[in-house]
Amino acid sequence: MKLPSRKESLIMAGVLGLWLAVTALCVGFRPEHLWIGLLLAVLFLATGLTRRMVVALLPFIVFGISYDWMNIVHNYEVNPVDIEGIYNAEKSLFGIATSEGVLTPNEFFARHTSAVMDFLGGFFYLCWVPVPILFGLCLYFNRQEKAYLHFALVFLLVNLIGFAGYYIHPAAPPWYVARYGFDFILGTPGDTAGLGAFDQMTGLGIFNGLYGRNANVFAAVPSLHSAYTLVAFIYSLRSRTPGWMRAALGIITLGIWFTAVYTSHHYIIDVTLGICCALLGFIVFEQLLMRIPSFARFITRYAAYIAPR
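Numbering (this note's numbering), first residue to last: 359 to 667.
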């Protein structure tokens, strides 16, 4: 077993200590924070392979930490929440004329549900984070370290762009309007909305667990659900990826886009802006950052460090 160098150990200890300290002071310490910290420390110290894996997974780890740290300052404390404006814009752009008047696509689908779509929608939505991570691991363990690193860092960049969007323009999801109207209600609990049908159908209660405890429901713009598997699909085209995997990623991506609207978790506007986030992150990384020689050299060194031996 090759132990990490003194420098590596000090960096790891410092980063873990800083993360736990900031989290405890600003977010609130939970037992899982300690267990995650211990797991990362053990993996970092255990073997060269597990140490390289921890370093390779840093973009996803930073994504998780940054998501948790958004609880330090909620977006609705920074800017006013858009509730009625985005609803009216959706109706104006994508409204569907019916005997009841003009409905948003969310309202139309809420009146025209299907058990098949309820099930497929739940399946697609469960893929939003696990599938991109699994895709990244496939790249990594198939010795495509550089392709993996590009994908993982773009995934992180897209998240940071999306998180910035949450603060620049806090917005309520469609289900909020259907349930509460256009008034801002502080402390509104999360809601499974149309995904509750999947929970009832399967008896698993997965989405109730995911959304029922969501502390901030005013983060609908952009739809990062719509961005994640799109990033994976883009990099499946830029790497040595089997055709069936590319097809699966394409189908899942389209399925998530439809489900976001079908289940009233997002407007078409949100989905479109999520797609734009994915494309913007890709362009910024590949066409701007990678053209900076020092950054390109850093990526080369990073890929060499995490390469399986």
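Heads up, the beta-carbon is just placed ideally off N, CA and C, and yes, glycines get one too.
The structure displayed is predicted, hence computed values, not measured ones.
Would you give the residue range spanned by the alpha helix (DSSP H) that residue i belongs to?
i	result
residue 392	389-404
residue 380	364-380
residue 518	503-526
residue 652	651-664
residue 481	473-483
residue 358	No answer is possible for residue 358: the residues shown for the chain start at 359 and end at 667.
residue 489	488-499
Helix, strand or coil: which one does DSSP assign to residue i?
i	result
residue 454	strand
residue 692	Look at the range of the chain in this structure, 359 to 667, and you will see that residue 692 is not part of it.
residue 529	strand
residue 422	helix
residue 547	coil
residue 386	coil
residue 416	helix
Shortest alpha-carbon distance to residue i belongs to which of the options?
i	options	result
residue 404	360, 378 and 384	360
residue 371	434, 604, 506 and 402	402
residue 553	421, 540 and 471	471
residue 421	640, 624 and 521	521
residue 418	407, 466, 442 and 487	487
residue 507	490, 451 and 384	490
residue 543	561, 560 and 574	574
residue 587	576, 626, 633 and 556	633
residue 639	512, 454, 465 and 431	512
residue 535	473, 598 and 623	623
residue 378	449, 395 and 363	395
residue 492	519, 462, 415 and 397	415
residue 636	585, 606 and 628	585
residue 550	541, 567 and 559	567
residue 591	580, 606 and 578	606
residue 463	655, 596, 558 and 629	629
residue 614	642, 657, 481 and 596	481
Can you give me the C-alpha to C-alpha distance between residue i and residue j, rounded to a whole angstrom?
i	j	result
residue 468	residue 424	33 Å
residue 616	residue 479	8 Å
residue 349	residue 583	No answer is possible for residue 349: the residues shown for the chain start at 359 and end at 667.
residue 369	residue 539	49 Å
residue 367	residue 631	41 Å
residue 515	residue 457	44 Å
residue 501	residue 436	43 Å
residue 672	residue 362	Examination of residue 672 is not possible in this model, given that the chain is present from 359 through 667 alone.
residue 556	residue 610	17 Å
residue 499	residue 466	44 Å
residue 454	residue 461	5 Å
residue 654	residue 645	11 Å
Specify, as a first and last residue, the run of the beta strand (DSSP E) that residue i falls within.
i	result
residue 459	459-461
Return yes when at least one heavy atom of the ligand GTP lies under 7 Å from the C-beta of residue i, else no.
i	result
residue 641	Annotation note on the ligand GTP: not contained in the displayed structure, which lists no ligands.
Quick check on residue i - is its C-beta less than 8 Å from some C-beta in chain D?
i	result
residue 414	Absent here is chain D; the protein component of the structure consists of one chain.
What alpha helix (DSSP H) runs, 4 residues minimum, are completely inside the segment 621-648?
-> 626-641
Mind pulling the alpha helix (DSSP H) runs of 4 or more residues that sit fully within the segment 557-602?
-> 564-569 and 583-595
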